[in-house]
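Just so you know, we're using my numbering here: the sequence shown kicks off at 104 and counts up by one. Just below is one structure, and these are the notes that go with it.
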Amino acid sequence: MVTVQLINSPDVPSPLTYVVIAVRYKDGWLFVRHRKRGGYELPAGHPDHGEDSVEAAVRELMEETGAIDFTLEPVAYYWVDTGSGKQFGRLFLAYVESLGEIPDRNEIEWVKVFKRLPAKISLPEVMTFLYGTAVKHFRYTQR
Numbered sequence: 104m105v106t107v108q109l110i111n112s113p114d115v116p117s118p119l120t121y122v123v124i125a126v127r128y129k130d131g132w133l134f135v136r137h138r139k140r141g142g143y144e145l146p147a148g149h150p151d152h153g154e155d156s157v158e159a160a161v162r163e164l165m166e167e168t169g170a171i172d173f174t175l176e177p178v179a180y181y182w183v184d185t186g187s188g189k190q191f192g193r194l195f196l197a198y199v200e201s202l203g204e205i206p207d208r209n210e211i212e213w214v215k216v217f218k219r220l221p222a223k224i225s226l227p228e229v230m231t232f233l234y235g236t237a238v239k240h241f242r243y244t245q246r
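In structure tokens form, the structure reads like this:
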């Protein structure tokens, strides 16, 4: 069983294993199709050594989607437990104005805009939870 939960504490968890970026693009949500996992997912990745979460999110967004002109805001910290202990991550929301070529073609097949969560997603427990969190944040900030 996979458990995902937001961290409601001012303390920053360490170390962070993941950054995930929910992407608004052309009145929809941009998802990437992961080559090995075969489903759609939010752009994501691991921070490199010495890289903070914002730097990692910017890098992953650009590598996996080809985003050129965008703004990025933090949404929340979270943890995931797949049965072998908690791993920590940070969720971001990006507003993308323009896309170029996808630099990371080894991992990402293509990107696609959806109005809602796609039916065929990778890592369904995690992606469903984080997408729902991003949608709530987006709706709240649009008031």
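The C-beta atom is built at its ideal place from N, Cα and C for all residues, glycine as well. On a predicted model such as this, the values are computed, not experimentally measured, just so you know.
query	result
Cβ pair A197, V126 closer than 8 Å	yes
Length-filtered (3 minimum) beta strand (DSSP E) runs lying within the segment 153-224	170-184, 189-202 and 211-217
Those residues which DSSP pairs with E144 across a bridge	V135
CB of Y181 within 8 Å of CB of Q108, strictly	yes
CB-CB length for E167 against D207, believed under 8 Å	6 Å
For L226, the nearest candidate out of T185, L175 and T120 (CA to CA)	T185
Buried or exposed (CB count within 10 angstroms, at least 16 for buried), M230	buried
Best match in K215, K223, E163 and I110 for proximity to D130 [C-alpha to C-alpha]	K215
Test item: CB-CB of G169 and A159 under 8 Å	no
Where V115 sits in the DSSP three-state scheme	coil
Nonlocal neighbours in the same chain, by C-beta distance under 6 Å from P118, ignoring five residues either side	none
Simplified DSSP assignment, three categories, for V105	coil
Local Cβ density within 10 Å of E163, reported as buried at 16 or more and exposed below that	buried
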